[in-house]
Every structure is written in C-alpha cells, then in structure tokens.
Amino acid sequence: MSVLEIIDLKTWFQTQDGLVKAVNSVNLRIEKNERVGLVGETGCGKTVLSFSIIRLLQPTTMIEGKILYKSKDILKLSEREMQKIRGKEIAMILQNPTTALNPVLKVGDQIAEAIWLHQGLKKKEAKEKAVEMLEAVKIPLAEKRANEYPHQFSGGMKERALIAIGLACCTSLIIADEPTRGLDVTTKAQIIKLMKDMTKQRSMLFITHDLEVAAEICDNIAMMYAGELVEYAKTDDVFKNPLHPYTQGIFNSLPNRGLKPIKGMSPSLIDLPSGCRFYQRCDYAREICKNRHPEMVEMENGHFVRCLLYD
Ligand code: SF4
-10 MSVLEIIDLK
0 TWFQTQDGLV
10 KAVNSVNLRI
20 EKNERVGLVG
30 ETGCGKTVLS
40 FSIIRLLQPT
50 TMIEGKILYK
60 SKDILKLSER
70 EMQKIRGKEI
80 AMILQNPTTA
90 LNPVLKVGDQ
100 IAEAIWLHQG
110 LKKKEAKEKA
120 VEMLEAVKIP
130 LAEKRANEYP
140 HQFSGGMKER
150 ALIAIGLACC
160 TSLIIADEPT
170 RGLDVTTKAQ
180 IIKLMKDMTK
190 QRSMLFITHD
200 LEVAAEICDN
210 IAMMYAGELV
220 EYAKTDDVFK
230 NPLHPYTQGI
240 FNSLPNRGLK
250 PIKGMSPSLI
260 DLPSGCRFYQ
270 RCDYAREICK
280 NRHPEMVEME
290 NGHFVRCLLY
300 D
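As structure tokens, this is what we get:
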C-alpha cells in the first residue's frame, strides 16, 4: 500500500483574471520511506498541488480526482477527519519561515503547541519535547533558544525551527515546500543534510525549483511544468538520461553545465495552449507539437515522459 497516491488530480480556482488551471491531471505515488522531489519553476502549480494534498485551499477551489492517503481518499474526508490527519500524520514545512512562525510567540512554545495538539502530552512534557526537537535540528543552546522569539533567530535557525514543528508530530508523510529557498550556501547545505537525516523513517514530497537540491535528498524526481508532470523517474535516471526537453533545459541552465537559461516564459495557467505546453520554448518543437497535447508514456523501467518525440 502506497502512503500517498494521487490519481488524475485537477485543482482549479477562479480569479478576477480568469480560471487558473494550476494542477492538471496529475498522477503521483509515494511509497513508505520514499522521498519524491517535485521540481519546477515558480508558478508551475507545485505549491497548489501540495496544498491540495493537505486540503488547505479556499472552499471555492474546484478539485477533482483522488488523493489516497493510505488508501483513504482525503478529498472525501470531513474537515474534522482531516484535522486528525493534518499535522499528526501529514505535516507541511512551509517556505518563508519569517511569516510561517508566529512573531509574538516564543519558538519553543510554538513547537510545544504542535506537540501538545497532536500527541496529547501534558504541556510541561510538550515543552521538554520541544527542547529535544530543537536539539535534534541542531539549534545550539536549545533550552535557552526555546525561550526566544522568532526575530532573535537567524534565517537558517527559523527554517530549522519550522522543520522541528513539522517533524515533532508527523509520523508518516512530510510535505516540504522550498525549505532551502533564500538561504545562503552554507545554511542550505546544513538544511539539506538535516532533511536527509531527519526524514529517513518517513515519506516525503520535497518541493523545489532547484533540481540539484532535490537530487541530494530525493529517491525520485517528478518534473512539473505549467500545471502538469512532464517527466518522472529515479533521481539517477533523470541525471543520467533526462528525456524531456524541459528537464534538459533545466540541466543546461545549471552553473556547472553551461548556465544557458531556457528561452521564453511558461504559459499562463489561465490560458494554457491546446498542444504541448512547452512548445514555445522547445528547441525540438515540430508542427504537430503545436496542436497535439502529449500523454505521459513510460520509456523504460519507471522512467516516464510527456513529449511527442517519444510518442
Ligand atoms: Fe518539445 Fe514537441 Fe516534446 Fe513539446 S512535444 S517538448 S514541443 S518536442
């Protein structure tokens, strides 16, 4: 039984400018103790996908398909049932720790509250556990730091505190949304190591725009472009043999591989093209790509790609 299985998920929402088709027919599976990297440019629908899983969306959002968590369809659960899962079994580590932490509460109290809510410990025990969690995420002088406010923490320490909140209660699935965004190189390396060490016994969906960071942490990579998955494979296979022109473009834009950015911009999620969504930016585009929308096909042993070159 998979920990998470997303089947044909669509998440759309109305804005003043039109209907945003943020997630389109996404299929994704995460097994026990497996770490999947969801990689794509800003605005490609990654975060909406993660908020769909944890069901933190506006009530007016249109959502279709299935999100099976341990075979139970999350989309069919009542809010009360969902509250029992959210935070306790599925936890989210949000990007931007500056806004994710409450500025008027001590960091230790914020971690203790999460523990108290989800583990049913007494408040004193929850506070002790919060200090243990700060030690686990390598915050020096954890007992003293637990009594400090977020503004007294550096950016890296705030990110660690968020990871501590996520891991303090969650037993099963972590969704980490860009936890290394905006961090300097040294802190980023520390957070990557921490995420690797702390999530060994858990499943994780690791969301990032940074393919190299995903590769350090994840077993499998799912490339997302303009609201849909375009490539999925084991991390090694994506690195040895990237199939989709978008994935190849991302590789070519890396500093150690030529620093050549992909030309053009992603299409608007309000006005998606009827053919291949990468058509305007693709060096291999043919006439047929303009009007025909490619399906995801399996090329070899679990390596999937959505591109007419392989049709
Ligand atoms: Fe490029 Fe065509 Fe493949 Fe789209 S389907 S990625 S335009 S080759």
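The numbering used here puts the first residue of the sequence shown at -10, with every later residue one more than the last. Glycine is no exception: its CB is placed at the ideal position from the N, C-alpha and C atoms. Note that the structure is a prediction, hence the values are computed from the model and not measured.
message: Is the separation between the beta-carbon of N280 and that of S257 shorter than 8 Å?
response: In the sequence shown, counting from the first residue as 1, residue 280 sits at position 291. In the sequence shown, counting from the first residue as 1, residue 257 sits at position 268. Contact flag unset, no.
task: Mind listing which residues have their beta carbon within less than 7 Å of any non-hydrogen atom of ligand 1? Chain order is fine.
output: Checking every Cβ against the heavy atoms of ligand 1 under 7 Å gives H233, P234, Y235, C265, F267, Y268, C271, Y273, A274, R275, C278, P283, C296, L297 and L298.
- request: Look at I163 and I82 and say whether their C-beta atoms are less than 8 Å apart.
  value: Counted from its first residue, the sequence shown places residue 163 at position 174. Counted from its first residue, the sequence shown places residue 82 at position 93. In this structure, I82 lies closer than 8 Å to I163 by Cβ.
- prompt: Start and end of the alpha helix (DSSP H) containing N241?
  reply: One-based indexing of the sequence shown puts residue 241 at position 252. DSSP places N241 in the uninterrupted alpha helix (DSSP H) bounded by P234 to N241.
field: Secondary structure, alpha helix (DSSP H): runs of 4+ residues fully inside the stretch 10 to 88
entry: Secondary structure in the stretch 10 to 88: the alpha helix (DSSP H) runs of 4 residues or longer, each lying completely within the stretch, are 35 to 42 and 68 to 74 in chain order.
message: Tell me the rounded alpha-carbon separation between I152 and I104.
response: By 1-based counting over the sequence shown, the position of residue 152 is 163. By 1-based counting over the sequence shown, the position of residue 104 is 115. The straight-line gap from Cα to Cα measures roughly 13 Å.
For I128, the three-state DSSP class (helix, strand or coil): On the sequence shown, position 139 is the one that residue 128 refers to. I128 falls in the coil class under three-state DSSP.
- prompt: Just checking my contact of Q72 with R170 at CB under 8 Å: how many whole Å lie between their CB atoms?
  reply: For this step, residue 72 is matched to residue 83 along the sequence shown. For this step, residue 170 is matched to residue 181 along the sequence shown. Separation of the CB atoms of Q72 and R170 is rounded to 28 Å, and the pair is thereby denied contact status at 8 Å.
message: Quick check on G291: buried or exposed, where buried means 16 or more other Cβ atoms within 10 Å of its Cβ?
response: Here residue 291 refers to the residue found at position 302 when the sequence shown is read from its first residue. By the beta-carbon neighbour count (other beta carbons within 10 angstroms, threshold 16), G291 is exposed.
query: Where do the N-terminal and C-terminal ends of the beta strand (DSSP E) with N245 fall, by residue?
result: Working through the sequence shown from its first residue, we reach residue 245 at position 256. The continuous stretches of beta strand (DSSP E) do not include N245, and DSSP gives it neither H nor E.
From L183, M193 and M187, residue whose alpha carbon lies closest to that of A165: As a working note, residue 165 is residue 176 in the sequence shown. Per the Cα distances, M193.
task: Look at the alpha carbon of A157 and the alpha carbon of L183, and state the distance between them as a whole number of angstroms.
output: Mapped onto the sequence shown, residue 157 falls at position 168. Mapped onto the sequence shown, residue 183 falls at position 194. Spanning the alpha carbons of A157 and L183 requires a straight line of approximately 14 Å.
message: Buried or exposed, going by whether 16 or more other CB atoms sit within 10 Å of the CB of P86?
response: Locating residue 86 in the sequence shown gives position 97, where the first residue counts as 1. P86 should be labelled buried.
query: Does the stretch 210 to 217 come close enough to the stretch 28 to 36 that 3 or more CB-CB pairs lie under 8 Å?
result: In short, these stretches touch, since the Cβ pair count reaches three.
message: Please return the same chain residues whose Cβ sits closer than 7 Å to the Cβ of Q99, not counting the five positions on each side in sequence.
response: Numbered from its first residue, the sequence shown carries residue 99 at position 110. Excluding positions up to five away in sequence, the list reads L90, N91 and I154.
query: Taking buried to mean at least 16 other C-beta atoms within 10 Å of its own C-beta, is M254 buried or exposed?
result: Taking the sequence shown and counting its residues from 1, one reaches residue 254 at position 265. By the neighbour-count rule (16 or more Cβ atoms within 10 Å), M254 is not buried but exposed.
task: Let me know if N245 comes out buried or exposed under the rule of 16 or more other beta-carbons within 10 Å of its beta-carbon.
output: Here residue 245 refers to the residue found at position 256 when the sequence shown is read from its first residue. Exposed, by the Cβ-count rule.
message: If you reduce the DSSP assignment to three classes, tell me which class L274 lands in.
response: As a working mapping, residue 274 is identified with position 285 in the sequence shown. The residue asked about is misnamed: residue 274 is Ala in this sequence, not Leu. Three-state result, A274: coil.
task: Could you check the C-alpha separation between Q3 and R295 for me, to the nearest Å?
output: Translated into the one-based positions of the sequence shown, residue 3 becomes position 14. Translated into the one-based positions of the sequence shown, residue 295 becomes position 306. Near 27 Å, if we compare the C-alpha coordinates of R295 and Q3.
- prompt: Counting Cβ pairs closer than 8 Å, one from the stretch 31 to 45 and one from the stretch 213 to 232, do we hit at least three?
  reply: They touch, by the three-pair rule.
query: So is Y273 buried or exposed if we call it buried at 16+ other beta carbons inside 10 Å?
result: Translated into the one-based positions of the sequence shown, residue 273 becomes position 284. When all chains shown are included, Y273 counts as exposed.
query: Considering only residues of the same chain and omitting the five flanking positions on each side of Q47, which have a CB-CB separation below 7 Å?
result: Taking the first residue of the sequence shown as position 1, residue 47 is located at position 58. Cβ-Cβ distances below 7 Å link Q47 to F2 in the same chain, with the five nearest sequence neighbours on each side left out; the list follows chain order.
query: Do three or more CB pairs link the stretch 55 to 69 to the stretch 234 to 250 at distances below 8 Å?
result: Because the criterion of three Cβ pairs below 8 Å is not met, the stretch 55 to 69 and the stretch 234 to 250 do not touch.
query: Around the C-beta of T224, are 16 or more other C-beta atoms found within 10 angstroms, so that it is buried, or is it exposed?
result: Position 235 of the sequence shown, counting from 1, holds the residue named residue 224. It counts as buried.
- prompt: Is the beta carbon of L172 less than 8 Å from the beta carbon of E148?
  reply: Taking the first residue of the sequence shown as 1, we reach residue 172 at position 183. Taking the first residue of the sequence shown as 1, we reach residue 148 at position 159. Contact: yes.
Three-state secondary structure assigned by DSSP to Q3: Residue 3 sits at position 14 when you count from the first residue of the sequence shown. Here Q3 carries a strand assignment [DSSP, helix/strand/coil].
Euclidean distance between Cα positions of A150 and L64: The residue labelled residue 150 in the question sits at position 161 within the sequence shown. The residue labelled residue 64 in the question sits at position 75 within the sequence shown. Straight across, the Cα-Cα distance linking A150 with L64 is about 30 Å.
Close Cβ partners of L66 (< 6 Å) along its chain, the five nearest in sequence each way excluded: Taking the sequence shown and counting its residues from 1, the one referred to as residue 66 is at position 77. Cβ within range, chain order: n/a, list empty.
Nearest candidate by alpha-carbon position, reference N13, set R24, E20, L45 and M51: Translated into positions along the sequence shown, residue 13 becomes position 24. Comparing Cα positions, the closest option is M51.
C-alpha gap between P283 and C265, whole angstroms: Translated into the one-based positions of the sequence shown, residue 283 becomes position 294. Translated into the one-based positions of the sequence shown, residue 265 becomes position 276. Each residue's alpha carbon lies about 6 Å from the other.
task: Evaluate L94 with the Cβ neighbour count: other Cβ atoms within 10 Å of its Cβ, from every protein chain shown; 16 or more gives buried, anything less gives exposed.
output: On the sequence shown, position 105 is the one that residue 94 refers to. Flag for L94 reads exposed.
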